[in-house]
Amino acid sequence: MEKLAIKGGIPIAEKMIPIAKPIFSKKAIFDVVKVLESGYVRQGPLTNELEKKFSERIGCKYAYAVNSGTAALHTAYLSFLNPNDEVIVPAFTFIATASMVIYSSAKPVFADIDKETFTIDPENVKKKISSKTKAIAPVHLFGNAAKMNALSEIAEDHNLSIVSDAAQAHGTEINGKDVGTYETLNCYSFYPTKTMTTGEGGMVTTNNKELYERGKLIRSHGQKGKYYHPILGLNYRMTDIAAAIGLDQLSKLDIYLKKRRFCGKFLREGINKIDGLYPQKNSKGVNHSYSYFSLLIEREKFKCTRDEFIEALRAENIDCAVHYPIPLTKQPAITNLLKPKPCPVSEDVSKRIFSLPMHPQLTNEDLKTILAGVEKVATYYYK
Numbered sequence: 000m001e002k003l004a005i006k007g008g009i010p011i012a013e014k015m016i017p018i019a020k021p022i023f024s025k026k027a028i029f030d031v032v033k034v035l036e037s038g039y040v041r042q043g044p045l046t047n048e049l050e051k052k053f054s055e056r057i058g059c060k061y062a063y064a065v066n067s068g069t070a071a072l073h074t075a076y077l078s079f080l081n082p083n084d085e086v087i088v089p090a091f092t093f094i095a096t097a098s099m100v101i102y103s104s105a106k107p108v109f110a111d112i113d114k115e116t117f118t119i120d121p122e123n124v125k126k127k128i129s130s131k132t133k134a135i136a137p138v139h140l141f142g143n144a145a146k147m148n149a150l151s152e153i154a155e156d157h158n159l160s161i162v163s164d165a166a167q168a169h170g171t172e173i174n175g176k177d178v179g180t181y182e183t184l185n186c187y188s189f190y191p192t193k194t195m196t197t198g199e200g201g202m203v204t205t206n207n208k209e210l211y212e213r214g215k216l217i218r219s220h221g222q223k224g225k226y227y228h229p230i231l232g233l234n235y236r237m238t239d240i241a242a243a244i245g246l247d248q249l250s251k252l253d254i255y256l257k258k259r260r261f262c263g264k265f266l267r268e269g270i271n272k273i274d275g276l277y278p279q280k281n282s283k284g285v286n287h288s289y290s291y292f293s294l295l296i297e298r299e300k301f302k303c304t305r306d307e308f309i310e311a312l313r314a315e316n317i318d319c320a321v322h323y324p325i326p327l328t329k330q331p332a333i334t335n336l337l338k339p340k341p342c343p344v345s346e347d348v349s350k351r352i353f354s355l356p357m358h359p360q361l362t363n364e365d366l367k368t369i370l371a372g373v374e375k376v377a378t379y380y381y382k
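Quick note: the sequence shown, position 21, residue 20 per numbering that gives the first Met the number 0, numbers continuous.
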C-alpha cells in the first residue's frame, strides 16, 4: 500500500491543486484601467450594460445589479416582505439565505434537504407552511437546481412567492430553462469563487416589473430623483469597476460552463468507482453548472473522520473545502434568536460533506491526479 504524504510519503501532486481559481483576462484589466481613468467609477453605464446583457443571457425580462450576493437577497426580500412574514429556507446552505430574511424583519423557517441532491425537500416544505408563510427560498446548491416544478406547484397552491438563491447557479438549467427565469425573484452572487465574478457583486433577476422597480429603489437609498426618497433604502450599488470585470466574465460564461461541466462529469465518473464516496446527485432534468464539486463520505467504511480524510488529501497537494460544516439550525447566530426544529438530513450531510477542486483552469492531468489522490487516501483508510 502506497504511503500517504501525511504519514511521510511522497505527495501525489507536485504542487497544490487549488479548490478554486478566479480568472481575470488582460482585457478585463485594461477595461478596469479605462474606468479608473474616466473618473466615473460608481454605478453607471457599464453597470447598466451588464444588467442588460445578463438578463438577455439568462432569458428574463429584468435584472438589477448590486454589490454582493447577500445584498441581492436582502434587496429581493425587502421588495415584498412585511414584518413577521415567514420564509421557508433550507437548513443546509450559506447563512445569508436565512440571515437576510431576519434583516428584512421576517422569520426564516427551516426545511430539510434531500440527502442525495442536497437541495430543499419539497415534501418537508409542505410541513413547514403556516398562515404566516409568504415565500419559499430554495437554494440551487453548488450549481444543482432545486426541484422547482414541485416547489412552484406548492407556491401556487398556497399563494406564495419564490425567491431563488442562485448564488452558485450561473447557467444552471432545468429542462433547458435557466433557473434565473423562474418567478418571482432570483439572486446571484459574483464572489471570486463563483462561476463568474466581479470581485464582489450580485444580481437580481425577475419577470415582475413592479419588483424590479422597487428593488432598484431599495439598492440606492430609496431615491427616485435627486434627494427625493419615497421609500427607505440602502447603498447596495455596484460600481462600474466591478461591472467592467463582470462584462468580460459574462462574455466567457459559456466557455467556463463547458469546462466546469467537463470537469464535473470526469470527477463524477471517477468518484462513482470509489467505494464509500458519493457525489452530489443531479436533480431530474438539471444541467448542473458545477460551481462546486461536493461529495459525501460514508464514515462507517473508513477508519478516519471526514476531516482526517481531507487533511490527508491536502497533504497530497489536493485542496479541499467543507460547504457547510454546521447546518443553520445549529448556528449560534440563528439559535440565539430562534428555536428552529431539527433537520436531521441537513445535520447528517454537514458531518459527511466535502468539496474537491473545481474551476476552469483544471487540466486533464489535474483531474486524473485528483482522482488518483482520492483513491490513494480512500484505499489507505478503508476498514
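Virtual Cβ for every residue (Gly too), placed ideally from N, Cα, C. These numbers were taken from a predicted model, which means no experiment stands behind them.
Next item on the list: From the DSSP output, read off the bridge partner residues of V285.
Entry: Within the sequence shown, numbered from 1, the residue matching residue 285 stands at position 286. Paired residue(s): I173.
Next item on the list: Using beta-carbon positions only, say whether C186 and A154 come within less than 9 Å of one another.
Entry: By one-based count along the sequence shown, residue 186 stands at place 187. By one-based count along the sequence shown, residue 154 stands at place 155. It is not a contact, given that the beta carbons lie outside the stated cut-off.
Check: Are the segment 202-211 and the segment 57-73 in contact at 8 Å, needing three or more beta carbon pairs?
Finding: Flag = yes, the segment 202-211 and the segment 57-73 touch.
Note to self: Between the segment 83-97 and the segment 226-243, can you find at least three pairs of beta-carbon atoms closer than 8 Å?
What the structure shows: no
Margin query: With H, G and I counted as helix, E and B as strand and the rest as coil, what does DSSP make of G58?
Written below: To locate residue 58, count along the sequence shown from 1; it is residue 59. Note: G58 maps to coil in three-state DSSP.
Item checked: Boundaries of the alpha helix (DSSP H) in which G68 is found, first to last residue -> Mapped onto the sequence shown, residue 68 falls at position 69. Element bounds for G68: G68 to L77.
Margin query: Which runs of the beta strand (DSSP E) at least 3 residues long sit entirely within the segment 273-317? Give them in chain order.
Written below: You should have 276-278 and 292-296.
Next item on the list: Please work out which residues of its chain come closer than 6 Å, Cβ to Cβ, to K33, disregarding the five sequence neighbours upstream and downstream, and give them in chain order.
Entry: Reading the sequence shown from its first residue, position 34 is the one you call residue 33. Excluding residues within five positions, none has a Cβ falling inside 6 Å.
Check: What are the boundary residues of the alpha helix (DSSP H) that includes F353?
Finding: One-based indexing of the sequence shown puts residue 353 at position 354. Here F353 belongs to no alpha helix (DSSP H); instead the beta strand (DSSP E) covers I352 to L355.
Next item on the list: Tell me where the beta strand (DSSP E) around V203 begins and ends.
Entry: On the sequence shown, residue 203 is found 204 positions in, with the first residue counted as 1. Segment G201 to T205, the beta strand (DSSP E) holding V203.
Check: In whole angstroms, what is the alpha-carbon distance linking G38 and V285?
Finding: Against the sequence shown, residue 38 aligns to sequence position 39. Against the sequence shown, residue 285 aligns to sequence position 286. Near 43 Å, if we compare the C-alpha coordinates of V285 and G38.
Margin query: Assuming the contact rule is C-beta atoms closer than 8 Å, M0 and Y379 should be a hit. Round their C-beta distance to whole Å, please.
Written below: Against the sequence shown, residue 0 aligns to sequence position 1. Against the sequence shown, residue 379 aligns to sequence position 380. Right, their Cβ atoms sit about 6 Å apart.
Next item on the list: Return yes when the C-beta of I244 is under 8 Å from any heavy atom of the ligand HEM, and no when it is not.
Entry: With respect to the ligand HEM, the structure shown offers nothing to examine, as it has no ligands at all.
Check: Quick one: what's V162 bridged to in DSSP?
Finding: For the purposes of this step, residue 162 is taken as the residue at position 163 of the sequence shown. Looking at the DSSP assignment, V162 forms a beta bridge with L184.
Item checked: Cα-Cα separation between F292 and M237, rounded to whole angstroms -> Your numbering for residue 292 matches position 293 in the sequence shown. Your numbering for residue 237 matches position 238 in the sequence shown. For F292 and M237, the distance between alpha carbons rounds to 29 Å.
Notebook entry, point to check: Which residue's Cα is closest to the Cα of T183: L3, M147, K329 and L252?
Noted result: Taking the sequence shown and counting its residues from 1, the one referred to as residue 183 is at position 184. Comparing Cα positions, the closest option is M147.
Note to self: Under 8 Å, with one C-beta from each stretch per pair, do the segment 103-113 and the segment 267-277 reach the 3-pair mark?
What the structure shows: no
Item checked: Sequence-distant residues of its chain with Cβ nearer than 6 Å to L231 (five each side left out) -> Your numbering for residue 231 matches position 232 in the sequence shown. These residues qualify, in order along the chain: G221.
Checklist line | CB-CB length for L159 against S78, believed under 8 Å | finding: One-based indexing of the sequence shown puts residue 159 at position 160. One-based indexing of the sequence shown puts residue 78 at position 79. Contact doesn't hold; Cβ gap of about 15 Å is too wide.
Notebook entry, point to check: By how many angstroms is the C-alpha of K51 removed from the C-alpha of L45?
Noted result: Here residue 45 refers to the residue found at position 46 when the sequence shown is read from its first residue. Here residue 51 refers to the residue found at position 52 when the sequence shown is read from its first residue. About 10 Å.
Item checked: N- and C-terminal bounds of the alpha helix (DSSP H) containing F265 -> One-based indexing of the sequence shown puts residue 265 at position 266. Looking at the DSSP string, the run of the alpha helix (DSSP H) that includes F265 is L252 to I270.
Check: CA-CA distance, K283 and V138?
Finding: Translated into the one-based positions of the sequence shown, residue 283 becomes position 284. Translated into the one-based positions of the sequence shown, residue 138 becomes position 139. If I take the Cα positions, the gap works out to 16 Å.
Item checked: Burial state of P324, where buried means 16 or more other Cβ atoms lie within 10 Å -> Translated into the one-based positions of the sequence shown, residue 324 becomes position 325. Exposed is the call here.
Notebook entry, point to check: Under a Cβ-count criterion, where at least 16 other Cβ atoms within 10 Å of its own Cβ denotes burial, should L140 be classed as buried or exposed?
Noted result: For the purposes of this step, residue 140 is taken as the residue at position 141 of the sequence shown. Looking at its Cβ environment, which holds 16 or more other Cβ atoms inside 10 Å, L140 is buried.
Item checked: Coarse secondary structure for Y380, derived from DSSP in three states -> Position 381 of the sequence shown, counting from 1, holds the residue named residue 380. Here Y380 sits in helix by DSSP.
Item checked: Candidates A145, E13 and H73: closest to S219 by CA position -> In the sequence shown, counting from the first residue as 1, residue 219 sits at position 220. The candidate whose alpha carbon is nearest that of S219 is H73.
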